[in-house]
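Numbering (UniProt numbering), first residue to last: 1 to 371.
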């Protein structure tokens with residue numbers, strides 16, 4: 001009986017600990033993400049407001065070639081290059097950021113993520129190869145490093161730079177795979193002095209002249225193909241736990257060893273862990289590459305309805321106008337404290353409590369139409 005009573009008391013103590021310490025900490029973490037528990041109206045949290053950089057407001061001293069948001073890419077216009085079978089547009093909006101890690105940064109310049117037009121997200125659209133192939137992709141720098149005073153945008157920015165460079169150095173897409181491209185580009189990132197530390201997701205694709213899309217995805221960025229505004233193909237999210245995506249990481253060994261001494265472990269995934277897909281495309285298909293700023297707020301059915309409404313209302317509307325309007329719409333719902341975002345719905349399933357609210361984040365998309 002004494003043993004049973006001891007176990008009962010221990011269980012009771014753990015229950016009290018969970019209720020008084022762990023649960024409030026978890027709720028506090030969620031509140032910081034702009035969500036509120038519908039069962040506790042008094043716990044409402046006002047999300048930080050976002051603003052948009054455009055090509056005109058972007059700091060000119062920031063050295064990184066970038067397409068303006070809402071731009072339509074005129075691929076295949078170079079002499080000797082076969083015309084591509086695709087129209088491509090990009091759009092983005094970074095979330096508002098407050099300076100973090102002030103102690104570490106006191107003798108440093110402000111983080112480039114504060115000036116980046118895409119925040120910690122990044123994207124690339126390559127020039128067309130001679131056969132008309134094009135590579136595109138998005139990457140999302142893991143924001144946790146910013147809280148330690150590091151530049152979380154550096155690794156996603158350099159990864160996109162190297163992906164584009166590696167692809168454009170190829171003469172044709174023959175023998176090229178999206179995963180192979182990711183492997184080579186990440187080796188370049190590891191050797192780059194521009195990346196001190198950080199982690200990033202990646203979702204990239206190669207569009208071929210014979211109407212195929214080859215995709216490699218690591219983490220929780222996303223690619224979906226819509227045919228007649230219905231989702232027909234999509235990548236699957238790769239996560240270790242809730243809100244913990246697979247990520248490519250560059251972490252100095254002394255930091256890794258220090259963590260091991262404290263019985264902690266950093267998430268360090270490999271390009272080999274990326275899922276690969278090959279999809280056949282048809283004329284009129286719409287393809288969307290997006291970071292989790294999109295998919296944490298809206299689901300594929302929402303995206304399909306939005307595209308249908310825009311193109312049905314005006315068949316001659318610019319692809320760039322559609323991509324920009326889509327981003328503007330996602331930004332709007334991400335700020336709505338009463339919106340049932342996909343992130344809030346997943347959290348509700350996990351906790352058994354009803355959460356509401358959009359999730360403010362960097363939002364980056366590439367929208368492609370098959371001609």
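In this text, a Cβ means the ideal position worked out from N, Cα and C, and glycines have one as well.
Considering only the alpha carbon of each residue, which of 167, 153 and 303 lies closest to residue 136?
Cα-wise, what sits closest to residue 136 is 167.
Just how far apart, CA to CA, sit residue 299 and residue 265?
Approximately 32 Å, taken between the alpha carbons.
Suppose the cutoff is 6 Å on Cβ atoms and the five residues either side in sequence are ignored; what does the same chain contact list for residue 192 look like?
The residues are 158.
In the DSSP assignment, find the unbroken alpha helix (DSSP H) run with residue 166 in it and report its ends.
Residue 166 -> alpha helix (DSSP H) spans 153–168.
Go through the region 262–332 residue by residue and report every complete run of the beta strand (DSSP E) that reaches 3 residues or more, in order.
Listed in chain order, they are 275–280 and 286–290.
Less than 7 Å between the C-beta atoms of residue 334 and residue 358, yes or no?
In contact: residue 334 and residue 358 (Cβ atoms closer than 7 Å).
Taking residue 149 as the reference, give the member of 198, 190 and 131 with the closest Cα.
Of the listed residues, the one whose Cα sits closest to residue 149 is 198.
Cutting at 6 Å between CB atoms, please list the residues of its own chain near residue 368, excluding the five before and the five after it.
The residues are 86, 88 and 287.
Are the Cβ atoms of residue 304 and residue 361 separated by less than 7 Å?
Not in contact: residue 304 and residue 361 (Cβ atoms no closer than 7 Å).
With a threshold of 16 other CB atoms inside 10 Å of the CB of residue 352, please say whether the residue is buried or exposed.
Looking at its Cβ environment, which holds fewer than 16 other Cβ atoms inside 10 Å, residue 352 is exposed.
How big is the Cα-Cα spacing for residue 216 and residue 138?
Going from the Cα of residue 216 to the Cα of residue 138 covers about 11 Å.
Would you decide whether residue 363 is buried or exposed? Buried here means 16 or more other CB atoms lie within 10 Å of its CB.
When all chains shown are included, residue 363 counts as buried.
Would the beta-carbon of residue 219 fall within 7 Å of that of residue 201?
Result yes, Cβ atoms of residue 219 and residue 201 sit closer than 7 Å.
Grouping DSSP H, G and I as helix and E and B as strand, with all else coil, what is residue 196?
Residue state, collapsed to three classes: coil.
Can a CB atom of chain C be found closer than 7 Å to the CB of residue 295?
The chain labelled as chain C is not found in the depicted structure, where only one protein chain is given.
How is residue 230 classed by DSSP in three states: helix, strand or coil?
Residue state, collapsed to three classes: strand.
What first and last residue would you give for the alpha helix (DSSP H) that runs through residue 375?
Nothing can be reported for residue 375: it is not among the residues displayed for the chain, which extend from 1 to 371.
Going by DSSP, what residue range makes up the beta strand (DSSP E) through residue 141?
Run containing residue 141: 134–141, per the beta strand (DSSP E) assignment.
Report buried or exposed for residue 119, applying the criterion of at least 16 other Cβ atoms within 10 angstroms of its Cβ.
Looking at its Cβ environment, which holds 16 or more other Cβ atoms inside 10 Å, residue 119 is buried.
When you compare the CB positions of residue 186 and residue 252, do they come within less than 7 Å of one another, or not?
Contact: no.
According to DSSP, residue 124 sits in a beta bridge with which residue or residues?
In the DSSP output, where bridge partners are listed per residue, residue 124 has 137.
So what does DSSP say about residue 62, is it helix, strand or coil?
Confidence is the limiting factor: at residue 62 the pLDDT is only 32, short of 50, which leaves the residue's position unreliable and the question unanswerable from this model.
What are the start and end residues of the alpha helix (DSSP H) that includes residue 185?
Per DSSP, residue 185 belongs to the alpha helix (DSSP H) from 178–190.
Decide if residue 313 is buried, meaning its Cβ has at least 16 other Cβ atoms within 10 Å, or exposed.
It is exposed - the Cβ of residue 313 has fewer than 16 other Cβ atoms within 10 Å.
Using the DSSP secondary-structure output, state which residues sit across from residue 205 in a beta bridge.
Note: residue 205 sits in a beta bridge opposite 136 and 215.
Would you mind giving the Cβ-Cβ distance between residue 156 and residue 121, rounded to the nearest angstrom? I have them listed as a contact below 8 Å.
Right, the Cβ-Cβ distance comes to about 6 Å (below 8 Å), so this counts as a contact.
Can you give the beta carbon distance from residue 94 to residue 116, rounded, assuming they're within the 8 Å contact cut?
Rounded, the Cβ-Cβ distance is 7 Å, consistent with contact.
State the Cα-Cα distance for the pair residue 195 and residue 311, rounded to the nearest angstrom.
Approximately 41 Å, taken between the alpha carbons.
Span of the beta strand (DSSP E) holding residue 405?
Because the chain spans 1 through 371 in this model, residue 405 falls outside it and cannot be assessed.
For residue 296, collect the residues of the same chain with a Cβ closer than 7 Å to its Cβ; drop the 5 residues on either side in sequence, then sort them by chain order.
If we look at residue 296 and ignore the five residues flanking it on each side, its Cβ neighbours are 341, 342, 343, 359 and 361.
Can you name the residues that DSSP bridges to residue 339?
Residue 339 is not bridged to any residue.
Beta-carbon separation of residue 151 and residue 291 under 7 Å?
No, they are not a contact pair.
Just how far apart, CA to CA, sit residue 260 and residue 289?
Each residue's alpha carbon lies about 36 Å from the other.
Less than 7 Å between the beta carbons of residue 123 and residue 366, yes or no?
Yes; because the gap between Cβ atoms is below 7 Å, this pair is in contact.
Residue 172 to residue 224, Cα distance in whole Å?
If I take the Cα positions, the gap works out to 25 Å.
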